[in-house]
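Participant:
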Amino acid sequence: MDKAAIGPAHGGDLVDLVVDDRKASLLKDVAFNLQDVTLNEHQLCYLELLATGAFSPLKGFMIRSDYEAVLDRMHLQDGTLWPIPVCLDVHRTLAESLEGGQSVAIRDPEGFLLAVMHVEDIWPVDKNREAEILFGCNDPQHPGVYRLLNGTGDYYIGGRLEVLSLPVHYDFLQLRMAPADTRRLFKKLGWRRIVGFQTRRTMHRPQFELTMQAMRQAEANLLLLPVVGVTSPSDFDYYTRVRIYKKLLKYYPPNTCLLNLLPLTMRLAGAREAMLQAIIAKNYGCTHFIVGYNHATPVPAETGEKLFESRQIHNQVMPFGDSIGIKIVPFEKMVYLPFEDEYRCSDRVPDGTRTMSLDGEEICRRIKTGRRIPEWATFPEVVCELEKAHPPPGKQGFTIFLTGLSGAGKSTVAKILYSRMMEIGERPVTLLDGDIVRRNLSSELNFSKEHRDINVRRIGFVAREITKNRGIAICAPIAPYSNTRGEIRRSIEDYGGFIEVHVCTPLDVCEKRDRKGMYAKARAGLIKGFTGVDDPYEIPEAPELRIDTTDKTPEESAQEVLLYLGQKGYI
Ligand code: PPS
1 MDKAAIGPAH
11 GGDLVDLVVD
21 DRKASLLKDV
31 AFNLQDVTLN
41 EHQLCYLELL
51 ATGAFSPLKG
61 FMIRSDYEAV
71 LDRMHLQDGT
81 LWPIPVCLDV
91 HRTLAESLEG
101 GQSVAIRDPE
111 GFLLAVMHVE
121 DIWPVDKNRE
131 AEILFGCNDP
141 QHPGVYRLLN
151 GTGDYYIGGR
161 LEVLSLPVHY
171 DFLQLRMAPA
181 DTRRLFKKLG
191 WRRIVGFQTR
201 RTMHRPQFEL
211 TMQAMRQAEA
221 NLLLLPVVGV
231 TSPSDFDYYT
241 RVRIYKKLLK
251 YYPPNTCLLN
261 LLPLTMRLAG
271 AREAMLQAII
281 AKNYGCTHFI
291 VGYNHATPVP
301 AETGEKLFES
311 RQIHNQVMPF
321 GDSIGIKIVP
331 FEKMVYLPFE
341 DEYRCSDRVP
351 DGTRTMSLDG
361 EEICRRIKTG
371 RRIPEWATFP
381 EVVCELEKAH
391 PPPGKQGFTI
401 FLTGLSGAGK
411 STVAKILYSR
421 MMEIGERPVT
431 LLDGDIVRRN
441 LSSELNFSKE
451 HRDINVRRIG
461 FVAREITKNR
471 GIAICAPIAP
481 YSNTRGEIRR
491 SIEDYGGFIE
501 VHVCTPLDVC
511 EKRDRKGMYA
521 KARAGLIKGF
531 TGVDDPYEIP
541 EAPELRIDTT
551 DKTPEESAQE
561 VLLYLGQKGY
571 I
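With this note's numbering, the residue at position 162 of the sequence shown is 162, and numbering never jumps.
(1) Who are the near neighbours of L34 in its chain, counting only those whose CB is closer than 6 Å to its CB and skipping five residues on each side?
(2) Can you list, in chain order, the stretches of the alpha helix (DSSP H) that have 4 or more residues and sit fully within the region 516-546?
(3) Taking Cβ to Cβ, would you say M117 is nearer than 7 Å to V86?
(4) For a test of your reading of the model: does the CB of C486 fall under 6 Å from any non-hydrogen atom of the ligand PPS? Yes or no.
(5) Does C632 pass the burial test, meaning 16 or more other C-beta atoms within 10 Å, or should it be called exposed?
(6) Which class does I571 belong to by DSSP, given the choice of helix, strand or coil?
(7) What distance in whole Å lies between the Cβ atoms of S406 and C510, which are believed to be in contact at a cut-off of 8 Å?
(8) Within 10 Å of its beta-carbon, does Q198 have 16 or more other beta-carbons around it, so buried, or fewer, so exposed?
(9) Have a look at V609 and V335 and give me their C-alpha separation to the nearest angstrom.
(10) Taking only runs that begin and end inside the region 64-102, name each unbroken alpha helix (DSSP H) of 4 or more residues, in chain order.
(11) Does the distance from the C-beta atom of G12 to that of P83 stay below 7 Å?
(12) So, with DSSP's three-state summary, where would you put K246?
(13) May I ask you to list the residues that DSSP assigns as paired with R403?
(14) If you measure between the beta carbons of V429 and I472, is that distance less than 7 Å?
(15) Is M74 near the ligand PPS, with its Cβ less than 6 Å from a heavy atom?
(16) Using alpha carbons as the reference points, say which of L114, M203, L94 and E120 lies closest to G101.
(17) Mapping DSSP to helix, strand and coil, what is G460?
(18) Taking the Cβ atom as the reference point for each residue, do I328 and V291 lie within a distance shorter than 7 Å?
(19) Would the C-beta of V242 count as close to the ligand PPS, meaning under 6 Å from any of its heavy atoms?
(20) Report the option in L17, I280 and N315 whose CA atom is closest to the CA atom of G159.
(21) Please classify S557 as buried or exposed, where buried requires at least 16 neighbouring CB atoms within 10 angstroms.
(22) If you draw a straight line from the C-alpha of I367 to the C-alpha of F32, how long is it?
(23) I'd like to know whether the C-beta atoms of F186 and G285 end up nearer to each other than 7 Å.
(24) Once DSSP output is grouped into helix, strand and coil, what is the label at K146?
(25) So, with DSSP's three-state summary, where would you put K415?
(26) Where in the region 299-382 do unbroken runs of the alpha helix (DSSP H), each at least 4 residues long, occur, reported from the N-terminal end onward?
(27) At a cut-off of 6 Å, would you count R438 as near the ligand PPS, judging by its Cβ distance to the nearest heavy atom?
(28) Can the beta-carbon of I313 be found less than 7 Å from the beta-carbon of G270?
(29) Does the ligand PPS have a heavy atom nearer than 6 Å to the CB of K516?
(30) Say yes only if the C-beta of R452 is nearer than 6 Å to one or more non-hydrogen atoms of the ligand FAD, and no if none qualify.
(31) In the DSSP assignment, find the beta strand (DSSP E) that holds D433 and state where it starts and stops.
(32) Looking only at its own chain, which residues have a Cβ that is under 7 Å from the Cβ of Q213, when we skip the five neighbours before and after it?
(33) Under three-state DSSP, which class holds N260?
(34) Would you list the one or two residues that DSSP bridges to V228?
(35) At least one CB of chain B closer than 7 Å to the CB of V18: is that the case?
(36) Regarding T550 and the ligand PPS, is the C-beta to nearest heavy atom distance less than 6 Å?
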């Protein structure tokens with residue numbers, strides 16, 4: 001096994017797709033006449049891993065025969081074990097304008113030339129088939145399935161890559177070594193046995209204890225490879241995680257642990273994904289690799305009630321260790337034994353022993369709601385960082401999103417709420433009333449569905465920035481479409497509170513009020529597409545509050561919102 005550490009996965013040389021300066025300048029000239037393919041954040045991760053050899057022996061995005069062989073047999077067509085497709089997806093229009101044998105210029109979102117790809121194959125993706133094979137389902141509740149079905153182009157293109165420049169990073173530069181660098185460092189440090197641990201989560205006591213036990217078991221040093229590409233919307237932002245990993249290094253014995261960030265975009269494909277991670281770890285120079293009991297599987301929070309869990313993942317991966325050239329170190333769930341004051345693998349706990357566990361999701365929930373975390377569950381440094389990232393409601397930013405028909409009373413309630421928040425004076429407050437936004441942010445927009453959506457998304461964007469920076473955004477647009485409102489809710493809830501208030505004053509009352517005389521104009525046909533008259537308003541299904549202002553003073557309506565904010569701890 002020590003010998004295996006010297007070479008990359010499956011033997012052969014570590015792939016390096018980055019060309020020398022002379023070739024790079026030739027390719028720059030060639031790229032001038034080529035069609036552009038602009039990579040998204042997922043594709044940038046794949047490009048980086050291909051370029052640096054983390055995906056050795058791959059030398060480019062997969063061609064069709066390799067893709068099919070990977071799906072059908074978990075091997076490339078030459079028989080090399082490979083569990084997950086590494087393909088470049090593109091939109092139909094681009095795919096239809098390309099032919100095999102052409103080259104394309106691969107660019108980052110700013111237009112910076114990263115690589116030239118020599119296209120061999122272009123083919124339509126059967127997304128349902130890929131989902132069934134990789135994830136065992138095509139249920140969009142699974143984040144991997146959702147992204148495949150909704151965030152992936154309809155065609156794949158495959159071919160060899162010549163890389164001019166790696167995707168640019170500005171953060172944690174000292175923690176971004178390529179496989180060749182980590183291998184060189186291990187050699188210098190005299191590390192012959194290295195166990196790899198890949199994680200997309202925050203590390204708490206169970207994960208720490210697991211790595212320590214794995215190090216003991218394998219008599220190895222540790223390579224911590226946190227995933228910092230695109231993980232899953234419910235994961236903590238990686239800046240917080242990386243600060244945490246850095247702080248935890250001091251708990252390992254001196255000079256036994258190396259932290260290196262992995263620009264991987266995770267697909268959460270269970271055993272297949274664990275095998276890919278083992279290949280990557282091998283390429284970074286690991287001799288051993290830890291596979292946990294529900295490795296690379298969505299957690300309940302990501303899938304609502306359902307858990308796409310397989311407790312067999314380590315068993316499924318174990319037999320493939322030899323062909324990868326790495327020893328799989330399997331781990332059951334770690335549990336805490338309060339009497340013994342230690343962590344143990346659940347399969348090594350005698351029957352009848354009292355055990356406790358608090359998973360990462362529960363710790364997150366407690367942090368977000370300001371509850372205490374017991375000492376045995378995590379480290380004080382972790383709590384401190386998590387509290388900074390997710391303060392309790394009283395310190396979070398939040399958005400009050402009032403939606404309803406014109407004349408329902410949104411603006412007046414919004415103005416009262418604005419004043420109350422300014423009176424309290426603990427956070428900066430911004431009022432984004434429909435009319436104000438229309439005059440300032442969205443003056444060029446009309447009231448078509450498309451323009452209303454643009455308008456409401458702009459409001460959502462500003463509200464999200466305010467919420468992220470711990471302020472209060474009070475928005476009062478009509479926002480007639482539920483999909484757009486849902487989109488805004490999702491983007492804001494990542495950063496703080498989102499309180500949707502449906503001001504549900506009935507149409508006849510709004511029309512009777514008609515303070516701006518617009519309903520009369522709409523009825524007379526002078527204004528076309530007026531909400532509630534000849535344009536739709538989709539009623540919110542589950543707003544935090546519904547307020548009918550028909551028989552209430554504006555102050556009474558605003559008070560209902562204030563009471564809600566108080567109950568939830570925001571004020
Ligand atoms: S939307 O649908 O959310 O983009 O609308 P919003 O930006 O909130 O703008 C609503 C205000 O614009 C006036 N107005 C109209 N409303 C609805 N439909 C049409 N066609 C229209 N044309 C102008 C109207 O006065 C709304 O103000 P409020 O304060 O809601 O009464």
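Beta carbons: idealized from backbone N, C-alpha and C, even for Gly.
Nothing here was measured: the structure is a model prediction, and the numbers come from that model.
Facilitator: The answer reads as follows:
(1) S103, V104 and A105
(2) 518-523
(3) no
(4) A quick correction: the sequence has Gly, not Cys, at residue 486. Not under cutoff, so the answer is no.
(5) Outside the displayed range of the chain (1 to 571) lies residue 632, so it cannot be described from this structure.
(6) coil
(7) 6 Å
(8) buried
(9) Past the edges of the chain, shown from 1 to 571, lies residue 609, and the structure says nothing about it.
(10) 64-73 and 92-96
(11) no
(12) helix
(13) For the sequence presented, residue 403 should be read as Thr rather than Arg. DSSP output for T403 lists H502 as bridge partner(s).
(14) yes
(15) no
(16) E120
(17) helix
(18) yes
(19) no
(20) L17
(21) buried
(22) 51 Å
(23) yes
(24) Residue 146 is actually Tyr in this sequence, not Lys. Looking at Y146 - three-state DSSP - the assignment turns out to be helix.
(25) helix
(26) 313-317, 321-324 and 360-368
(27) yes
(28) yes
(29) yes
(30) Inclusion of the ligand FAD in the displayed structure is not the case, the ligand content consisting of the ligand PPS alone.
(31) V429 to D433
(32) none
(33) coil
(34) Paired residue(s): none; V228 is not in a bridge.
(35) Going by chain labels, chain B is absent from the structure shown, which holds only one protein chain.
(36) no
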